[in-house]
Amino acid sequence: MAAPALKRRKLEHSDSEEDSEGSFADFSDDNGVALDGSGAEDEEDDSDASMDGDVKGLEDDDDDDDMDEDVEEKVVEEEDDEAIHDQSKKQTPAAKVTTSAPKPAKRPVPSLQDSVYTSESFKSNMFKLQVDELLDQVKLRYGKKEAPAESAMRTLKAIIEQIPNRDALPIAEAEKTLTSAGIVVPFPSPRPPKDALYKLAYERPSSVNATGSYPLKTASRSPDSIGIDLVVTMPKALFQDKDYLNHRYFYKRAYYLACLAAGIKDSKDHKFALSFESLNGNQLQPILVVRPSGNGDEDDFTSSKCHINILVALPEHTFAQNKLLPDAKCIRPKGSEQETTIQKLTPTPFYNSTLQSDANVTAYLKLLHATASKADAFRDACILGRVWLKQRGFDGHIRKGGFGNFEWAATMALLLQPNAATGIQSVSPAFSSYQLFKATLQFLGRGDLTKKPFIFQAVNITIPKNENGPVVFDGPRGQNILFKMTPWSYYRLRSEAKATIDMLSDSVFDQFDNTFILKTELLKFRYDAILEIPLSSLDLSSAGDEYDQRLSEICRNIYTSLGRGMSDRVTALTIALPEEGSWSISSRRPRDDKRKSILVSFATDPANASRTVDHGPSAELKQEAASFRKFWGEKAELRRFKDGSILESIVWSTKDGSASVLEQIALYVLKKHIGAQAAEQAKFTHDAFSHLVSAGRIQGASGVTPFLSIMNAFSALEKDIRDLGDLPLQLRHIRAADSQLRYSSIEPPIVGHAPASVVLQFEGSGRWPDDLCAIQRTKIAFLLRLSELLAALDSGYTSRVGLENPSQPAQNQAFLDVTASTGYTFRIRIYHDREPTLFDRQIKDKTLDAPSRESAAASLALYKREFVNAPLHSQVLQTLCTRFPALSPSIRLTKRWFASHLLTPHFCSELIELLVVRTFLQHHPWPVPATATTGFLRTLAWISRWDWRHVPLIVDFSSTFSANPADLEDTSSKGMKAEDFERLQTRFEAWRRIDPAMNRVVLFAATNLDEEGTTWTDKARPEKVVAARLTALAKAATQAIRADEDALLARANGKPTPSSQHNLTPESLFTTNLADYDLQICIAPKHALSSSTKQKRTSSSSPLHFKNLDLQKVTRAGASVPLPQLFAQDLVAVYGDAILWFWDPLALDRIVGLWNPVVTGQRSWKVKPGWNSEPVKVKRGGQVDVEIRANKVAIMNEIRRLGGELVRAIEVKGLES
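Quick note: the sequence shown uses the UniProt record's numbering, first residue 1, plus one each step.
This is the structure we're talking about:
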């Protein structure tokens, strides 16, 4: 169906009065911003849109509004991290572009040159399509939806212009007059002195101007209420030359705003809901917020889903610009009028920039408009910046970072201006929106603006020492654009910019979703530890009028103290203050609720986070040592170390049950430098899930410490085997091929563990037989000889040969279990590189029957997996686990989650490991996980978003590994390239064409070392229903984590939270729901593997109560497979096609199943269906036919008989046990 034709509006700004009359979308050069034709970039971050006036030719029909609603719903989905569909899947109709522009000419057919240009300007053609679709969906639609808000804007303009003047009165009288009218003047702190000699007055404004991002076409849609800015410029006659000092301007500004509120409130014909609010959280700049009354009258603009912010501005050049430079001292106490006294005062850069920002509204409007006219892609780049900032939680509000839409646009505009000295622009106006976006990120990320300020077209500018925030000083307008930013918010912005640049430089993987779609400010995904400090513990009740200043000082003290205390243990530290809201026009600005809290978040360095000793300065450095002792107090002590050095030191406790080192440091620093009450009431959360697996928290600088004992035993075994001189052939390789030897088993191996698989390869020889069966016999002979030689050593090895695969004589037939004196057991199999060739020859032999060739193909796949891919995978994982300390505990925690939800039998261990490894190697948009908790939660989040039906799992093991498994030392391969990725993608698409129903391959998991993609997932491991179950569980877990974080933020903001969201325990994510399964087999407690039952069984049934005797018994007997595990395997072998079985291999307390409806459903009569069946009479057309269905009662009886005393009870839905 064709899209409805829509009339399009003009996008060009017109200078003629006829074209601009009554329009909010046009720009006026006469008075900068005018309600009849003007606009400025939003200074308030929640002002996502301005409004549209009576644009000529605007005749949108209802379809346009409906279309807007649909698009808005799509944008809301960004909150749930839903990716925008590719352009190839969903083309946007041309008629959906409802921006007011002349109908464009028909687009020419793209040429090869166009394609080259696109790839240079937008990273890739696909990236450009994604950006275009994103812009189309987030750009504000200028349709009927905004019409009620436009009408309200005009009404407000008329009301404001009719407000009568007020005579100049002393402060007390002026305030009393408004109080009698029900308006409380929103004076900033400190309040004006009662004996002030100046007076307050109100005169009609010099202009009433619509401003914001609307006229610049940089507004974006938002699921929240959109803010529309209306700037009222005060007349210059109200101010005196010295009004920039001691808050005098801000007092007059507040009084003027209160007069506006009184005038709007007293309007009899028009009713609005009015409230005060601080502009971007700056208490010096209150604003008037106008919301719809909701009474349904002609002024009700509820349907526009917006609110109107009335800002008060200062006329340009009211005060000399040199009076408001960063080093100016504009707050001067009484008696400090002398020049010598003024020089001793502290500069007031924040005060100065705030006042200057009120005077620069028109100036920045002109700058942004001129830039948009010069650079065609400027508007789109601003919208991309808006999306990027929003997804990272940045906002123009001081408590949300102080960097919002205005700061982004102004910074980009400065980069597009020519340099005053050279005349050369930093960024070309011919750049595409993507290039402008990337150039702005490069500017934000490349240098430290706190240490090296960026000063644009200005000389002799002095940045005061007390200005510890970033500085981008705009010389022509005399303002530091980033004056609202704190040191911690700037460093977070800088790190985000660096990370995004790294993502956009990735030539292999598509990073569009990570850049624009994924919300990255989630605390539990980004940070490793959170410190919650209640405001009630900070003694702010005595601050009085200096509350905001005192709170700011405390936050800076917390930041500097914790930063110094943590030192290199943390890589990032950020502080989140509770949100501020609006307040009634009839009351004073409220203080923060004492129930609110400050959240301090830490990103840790796993190599240093758990260090127990901090080395300070040498005792010889008197000044540094004194500073060290002053900071640490009684905790500091002088110590002599092994190298002879005598240093000031701090030692932290690591006793079992004690708090983590990070928590000890955080609480001690709070107590020492903030207050004892703050330390007592603070709550510290760090690596909350690590306790769910033994030794889950990183010990020392490594996450593989629990596995060192078995790795040492394996190294000793390898050395002893290599030293054997009587082997028939020289040993070439002995490689680990087991999760226990790659630091990824759920529990660290202990004595009596399951044997760890090892692959042994001898040097090549022509004496090997050329027959598969004969090769297996030769392997047995080698293993027997190896067993004899190991037994002859004095190292205490015990070994025995075992047989396997008796029904497949061509497959591996034997293994050698070797138990070291330490109690660790290794299962050795021999790898002979001739076997794949012989299997391949059988597959291609047309004289063999089809079953024989299929058997050969299955044997070849099994051979490659066990003898080639598994050792290679293990070696790579060993390297990665030592490179990333948090990788090993993250894998173990994820496997524990799979096991607790009964999914482990359906997933290869290697596949689960690949899912976690991907989180570490392709970690964007977050940094590499530093704890088991962050690695685990990010893995679940990615699984919840993974559309495995259409997207393969592709992991790049980086450039340190060769693609040749026979020569891992060759590092000529430099990692995965774009063509490698395309080849794997093509292979995945081929599998989906061959097997569209996904009966054989459901998940496709490939790496640059294993391009098959089906090594760990072939033969429907897992099946579709299991993969869907995995996705559902991951989504539920991720939603629970986000709900818990929402509850944390609600508590921090003093808001009540539902009881269902309180205290989400880590254990709750590891509890599965058994109601979805059809049958449940309960294992007798004495055979289950739960820890309590196991301990009870050991203490009651075993006559041996001495550890050394138990060790000898286990060593002699070897590890055995638990009986419930063998029972479950038998159930799969007998009923695997009729029932899908699930169990937890760690507990083995129950085995649950799902009936396969395709197999066990009622069907026509068949002899030997493969499962116990019963006949059913069916009437069809007057005839009685006989069909069969599964005899579930009989099957349950068979299972009960098969299990014997293992089975305690069987529960089946719809049947009695």
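All C-beta atoms, glycine included, are put in the ideal place defined by N, C-alpha and C.
Annotation: A219 to A695 spans about 51 Å, alpha carbon to alpha carbon. Here the alpha carbons of A409 and A359 stand approximately 18 Å from one another. Sixteen is the threshold: when 16 or more other Cβ atoms of the shown chains lie within 10 Å of the Cβ of E580, as they do, the residue is buried. If the five residues before and after I383 are omitted, its C-beta is found closer than 7 Å to the C-beta atoms of L135, V138, K139, T218 and S220, all from its own chain and listed in chain order. The region 563-578 and the region 246-254 do not touch, with fewer than 3 CB-CB distances between them shorter than 8 Å.
At a cut-off of 4 residues, the continuous stretches assigned as alpha helix (DSSP H) that sit fully inside the region 764-842 are 772-792. Going by DSSP, S489 is part of the alpha helix (DSSP H) stretching over P487 to L504. With 16 or more other Cβ atoms inside 10 Å of its own Cβ, K400 counts as buried. Taking K323 as reference, the option from R589, A377, R1163 and D243 with the minimal CA-CA separation is D243.
Rounded to the nearest angstrom, the Cβ distance from T411 to F443 is 7 Å, consistent with a contact under 8 Å. By the criterion of a C-beta distance shorter than 6 Å, L314 is surrounded in its chain by D358 and A359, once the five residues flanking it on both sides are discounted. Note: C306 is bridge-paired with I226 in the DSSP secondary-structure output. DSSP places Q356 within a helical segment (H, G or I) once states are collapsed to three. Counting C-beta atoms within 10 angstroms of its own C-beta, I342 has fewer than 16 neighbours from the protein chains shown and is therefore classed as exposed. Under the Cβ criterion (8 Å, minimum of three pairs), the region 531-550 does not count as touching the region 492-499. When the beta-carbon positions are compared, R248 and Y202 stay at least 8 Å from each other. Looking at the backbone, the Cα of A363 and that of D269 are separated by about 35 Å. If you look at K268, you'll find it isn't in any alpha helix (DSSP H); DSSP assigns it neither H nor E. Distance from the CA of T798 to the CA of I780, rounded to the nearest whole angstrom, comes to 17 Å.
In this structure S900 does not touch T1038 by the C-beta definition: roughly 16 Å separates them, more than the 8 Å allowed. A distance below 7 Å between beta-carbons, with the five flanking residues on each side excluded, links V1193 to the following residues of its chain, in chain order: L1215. Bounds of the alpha helix (DSSP H) holding R987 are A978 to I994. Counting other Cβ atoms within 10 Å of its Cβ, K452 stays below 16 and is therefore classed as exposed.
Burial state of G1153 is buried, judged by a 10 Å Cβ sphere holding 16 or more other Cβ atoms. Between L245 and R332, the C-beta spacing is below 8 Å. By the Cβ rule, the region 1185-1203 counts as touching the region 1156-1165, because three or more pairs are nearer than 8 Å.
If only uninterrupted beta strand (DSSP E) runs of at least 3 residues are considered, those enclosed by the region 701-741 are 731-736. With contacts defined as CB atoms closer than 8 Å, R1029 and Q1080 fail to qualify as a contacting pair. The region 890-907 makes no contact with the region 757-768, as fewer than three CB pairs between them are under 8 Å.
With a beta-carbon spacing of about 7 Å, H753 and T825 fall inside the 8 Å limit used to define contacts. Non-local C-beta neighbours of K524 in its own chain, meaning closer than 7 Å and more than five positions away in sequence, comprise L937, I1041 and E1045, ordered along the chain. If you check the CB distance, I575 and Y559 come in under 8 Å.
Annotation: the continuous beta strand (DSSP E) that includes P617 extends over V613 to S618. By the beta-carbon neighbour count (other beta carbons within 10 angstroms, threshold 16), G544 is exposed. Restricting attention to E634, S702 and L365, the CA atom closest to the CA of N608 is found in S702.
V1121 sits exposed, since fewer than 16 C-beta atoms from the chains shown fall within 10 Å of its C-beta.
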